[in-house]
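First comes the structure, then the notes that go with it.
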Amino acid sequence: MSSNISNEAGTDSIITQKCEKYTLIVTEKPNAAKRIAIALDHKGKPKYLKNNGVPYFIVQRDKKLVVIPAIGHLYTIVHERGKRNYYPVFNFKWVPRHLAERGAKSIRNWVETFLELSQYADEFISACDYDIEGSLIGYYILKYACDNKVASAKRMKFSTLMKSDLENAYEEPLPHLDFTLIDSGRTRHELDWLYGINLSRALTLAASRWSGRYSTLTTGRVQGATLQFLASRENSIRNYVPVPYWQIRGEVEILNSIIEAEYERKRIETNTEADAVVQACKDKTGNVTKVAMKKVHQKSPIPFDVGTLQREAYRLFGYTPRRTLAIAQSLYLGALISYPRTNSQKLPPIINYRKILNSLKRQSGYKKLASKLLDDKELKPREGAKEDPAHPAVYPTGNLPEKSLGTPEKRIWDLIVRRFMTVFGEDALTERLKVHIEVTNHIFFVRGRRLLKEGWMKYYKPFLHVEEIVLVPLKQGDKVHFRRVVREDKFTCPPPRYNPSSLLKRMEELGIGTKATRADIIQTLYNRGYVRDERIVVTELGFGVVDVLCRYASIVASSKLTQELEDKMDRIQNGKMNRETVLIETVEQLKLQLEHFKENEATIGEALTKATKIAQTQERTVGQCPTCDTGKLMIIYSRKTRKRFIGCTNYFKGLCKTSFPLPQRGTVKPTRSNCKACGWPMMLVWLRGRKPWNLCYNPDCSVNDKRRIKA
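According to our numbering, the sequence shown is numbered sequentially starting from 1362.
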């Protein structure tokens, strides 16, 4: 695609020709600007320029166009007074990010370039992503960096970066910005800021004033509610008391084959009853009393919305929701898929199913599958119930990659392509058999299953496994000998832990967060040390924060508040509520919560300090000492040698001198798992520029890599 750009070598300039006016098109990211510029230029070769490192494009069309990207949000919210050692804080303003954030100095160049380029523009168009965040990015650039051109600006709306879609969006723009969407986005950001800064300061200052040491603790309306129901699940798991029960399993001999038979009752409550069933049935001959055969139609999956895409990518590849969204965004910017941040499960005919399939035919891996679908007279997708007024479900554009994709991108693109084809597939047809066998007044079942017609499964084959069970040739009245009947001791299980995928689904169900923010909220909980592990475990610090919120700001720890605010923001977006009203109500509610916080600041500080210390100790605890069996191995930092090592806590009591070396560079943390070779606890090691690896610190372990110990 770079060959389509006319590059002004060494250019570092700005347009200043006062005589020729142009249309300024604001985009969200540089890659999107490049795509839009190429699509709209009448020769497909826009001129590429830079100003202080900020790229922009000169496009020749019916009139001159200047396409300039942002790099996400250029503006953010800050407290007007700026001091950090008090709360509550209710006065805020929007400012360029370089005035508010460390490491954002380059934002100044982007803001100044927008200011300069806007001087000689007579028309303005926002071509940022058509969602809340994109609309907000464009709005604040037009408001503050383009001399408040929000009233006259137009809006391009598109769901792919295909040339045809971009041309249509330019030729038929919306006459004005999407102000209700913008108001909803402004409200969301401002509410999150109000809750986040006030509650985070309240937690941080309480802990710091009690302990005398500063340590940042954060929370917010979405983060707090998410952490609360994670803690509730964690408590359910920790307090769960397993209940014993028994299952019966039989083995029958049919045509010289041993087939498993399941007992009619899934669970038997007493050991005595289970033994009685075994004694009554083992080594007996049963009678086939019923043979039930039925055919089952299985409908295809529905199109991907962002949540189902994230969950499927986690199931198949183990990608976190955040990673999947980043990969999908990259594919969108490469014009390979439609806009991924969508709630829709609909594929409207306007996207032209046949055109997409004809394009996919050019890829050898999809040629036969796409051709098969194109042979059908009518292409009608199976759709879900969810709709999104801004975008359809996620689908492939039909474009083929311009360059080789990395493995993660290949996987997600292939998943989206195959899911798209799958929704047009016919029902799969399965034949299922259930044989009832009676033996001494007890019933056992033998089951079979076979696939009669693949239907949609042929398109989704790499991502599903269809297990067939041999259909046994039995008929009513046949005799069947039970070779074995055994009881199995079982215990009831606690509710499962959430993983990032199931947590994302639960957040959707509770209406917590948005399609664009949920993955980041989950990552924030990990980053703050409130949760750990793939099967999510709430840490002591996480419990400490939740306990404080539940005691002194219970409404924040409840999903009810978030649901109510999400409903209000939806009403703002639909033009049924005023944003100022919502902000005033929020401030009044926050005042009451924060007053309660201040009254109990010492108690809160003590609780948080205690939780922090426990969490820090747990973070450094490696496991049981294999030498003395009574001490704990911990990561210790020596002030004298300025080195870290693993040592036993009994060393300080003079009872054990066990110690082991650790890498002195990079990050080291316990894995909470044991080495398969020697059974010692393992460590996870990160070195910059290298992949993380597991390290067994046992010097005598057969699989220990001593080179890494010396790293």
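C-beta: ideal position from N, C-alpha, C; glycine also.
Proximity to residue i [Cα-Cα], best of the options
i, options, result
"L2045", "A2038, K2037, C2039 and Y2058", "Y2058"
"S1920", "L1588, L1813 and E1763", "L1588"
"Y1820", "F1785, E1532, Q1837 and P1834", "F1785"
"L1734", "Y1714, T1768, Y1859 and K1390", "Y1714"
"H1550", "R1743, G1581 and W1571", "G1581"
"F1590", "T1875, G1966, M1868 and L1951", "M1868"
"A1877", "C1854, G1573, K1408 and Y1491", "Y1491"
"E1621", "Y1575, Y1556 and I1798", "I1798"
"D1749", "R1723, I1717, A1731 and Q1706", "Q1706"
"L1522", "L1740, S1732 and Y1756", "Y1756"
"A1687", "E1532, A1754, A1880 and L1953", "A1880"
"P2022", "V1428, V1907, E1623 and S1999", "S1999"
"P1856", "E1962, A1592, E1634 and T2019", "A1592"
"W2054", "C2036, Y1500 and P2060", "C2036"
"A1431", "K1454, S1496 and F1453", "S1496"
"T1384", "N1413, K1406, G1405 and Y1417", "Y1417"
"E1625", "V1800, F1958 and Q1979", "V1800"
"C1854", "R1599, Y1447 and P1603", "P1603"
"N1529", "T1565, F1453 and A1488", "A1488"
Range of the contiguous alpha helix (DSSP H) that encloses residue i
i, result
"I1965", "E1962 to R1981"
"F1904", "E1901 to Y1913"
"N1632", "N1632 to C1642"
"D1921", "Just to set this straight, residue 1921 is Lys in the shown sequence, not Asp. Per DSSP, K1921 belongs to the alpha helix (DSSP H) from S1920 to Q1934."
"R1676", "V1667 to F1678"
"V1583", "R1582 to R1599"
"W1571", "F1540 to S1572"
"P1391", "P1391 to L1401"
"K1524", "K1524 to E1532"
"I1882", "R1879 to N1888"
Own chain partners of residue i with C-beta closer than 7 Å, once the 5 adjacent residues on each side are dropped
i, result
"S1545", "I1493, M1930, I1933 and Q1934"
"E2017", "Going by the sequence as given, residue 2017 is Cys instead of Glu. Around C2017: C1986, T1988, C1989, G1992, C2009 and N2011."
"A2072", "Bear in mind that the predicted position of A2072 carries a pLDDT of just 42, short of 50, making it unreliable; the figure below should be weighed with that in mind. Cβ within range, chain order: P2024, R2026 and L2048."
"V1796", "V1649, V1652, F1806, V1807, V1833 and L1835"
"P1709", "P1753"
"Y1531", "L1401 and M1517"
"W1607", "I1629, N1632, A1635, R1848, E1849, D1850 and K1851"
"R1981", "M1995 and I1996"
"E1614", "H1842 and R1844"
Other residues of its chain near residue i: CB distance less than 8 Å, five sequence neighbours each side excluded
i, result
"R1793", "M1654, K1655, K1656, V1657, R1808, G1809 and R1810"
"T1923", "R1582, V1583, A1586, L1871, G1872, I1873 and G1874"
"K1390", "P1430, A1431, I1432, G1433 and L1694"
"R2069", "Because R2069 carries a pLDDT of 45, less than 50, the predicted location of this residue cannot be relied on, and the following value inherits that uncertainty. So the qualifying residues of the chain are P2024, V2046, W2054 and L2056."
"D1483", "K1382, Y1383 and T1384"
Residue i, enclosing beta strand (DSSP E) - first and last residue
i, result
"P1769", "Not the beta strand (DSSP E): P1769 falls in the alpha helix (DSSP H), residues T1768 to T1783."
"W1455", "F1453 to P1457"
"A1653", "T1646 to Q1659"
"E1799", "A1789 to V1800"
"R1811", "H1803 to K1814"
"E1612", "P1605 to I1615"
"E1621", "S1618 to Y1624"
"I1386", "Y1383 to T1388"
"K1408", "K1408 to N1412"
"I1688", "It is not in any beta strand (DSSP E) - I1688 instead sits in the alpha helix (DSSP H) that spans P1682 to L1694."
"Q1421", "V1415 to Q1421"
"L2117", "Absent from the structure is residue 2117, since the part of the chain shown begins at 1362 and ends at 2072."
"N2055", "W2054 to C2057"
"L1825", "Looking at the DSSP string, L1825 is not in any beta strand (DSSP E), and its letter there is neither H nor E."
Close beta carbons around residue i, own chain, < 6 Å, minus the five adjacent residues each side
i, result
"P1861", "T1681, P1682 and I1883"
"I1975", "E1901"
"F1451", "V1948"
"P2060", "none"
"Y1556", "G1581 and R1582"
"L1910", "G1585, V1917 and A1918"
CB contact check: residue i to chain C, cutoff 8 Å
i, result
"R1683", "Of the chains in the structure shown, none is chain C; there is only one protein chain."
(request) Would you mind listing the beta strand (DSSP E) stretches within the segment 1468-1498 that are 3+ residues and don't spill past its ends, in chain order? (result) The segment 1468-1498 contains, as complete beta strand (DSSP E) runs of 3+ residues, the segments 1482-1487 (chain order).
(request) Please go through the segment 1834-1867 and give each complete beta strand (DSSP E) segment of 3 or more residues, from N-terminal end onward. (result) 1840-1852
(message) For a minimum of 4 consecutive residues, which ranges assigned as the alpha helix (DSSP H) are wholly contained in the segment 1715-1766?
(response) Secondary structure within the segment 1715-1766: the alpha helix (DSSP H) runs of 4 or more consecutive residues, fully enclosed, are 1728-1735 (chain order).
(message) Across the segment 1496-1507 and the segment 1475-1484, are there enough close Cβ pairs to call them in contact, namely three or more that are closer than 8 Å?
(response) yes
(request) For the segment 1989-2007 and the segment 2015-2035, state whether three or more C-beta atom pairs, one from each stretch, are separated by less than 8 Å. (result) yes
(request) Examine the Cβ distances between the segment 1566-1586 and the segment 1774-1789 and report whether three or more of them are shorter than 8 Å. (result) no
(message) Using a Cβ distance threshold of 8 Å, determine whether the segment 1820-1831 contacts the segment 1570-1580, with at least three qualifying pairs required.
(response) no
(message) When you compare the segment 1720-1728 with the segment 1689-1706, are there three or more beta-carbon pairs, one atom per stretch, that lie closer than 8 Å?
(response) no
(request) Could I get the ranges of all uninterrupted beta strand (DSSP E) runs contained in the segment 1989-2040, with 3 residues as the minimum, in chain order? (result) 1993-1998, 2005-2009, 2020-2022 and 2028-2035
(request) Assess, as a yes-or-no matter, whether the segment 1733-1747 is touched by the segment 1689-1696 under the definition of 3 or more beta carbon pairs within less than 8 Å. (result) no
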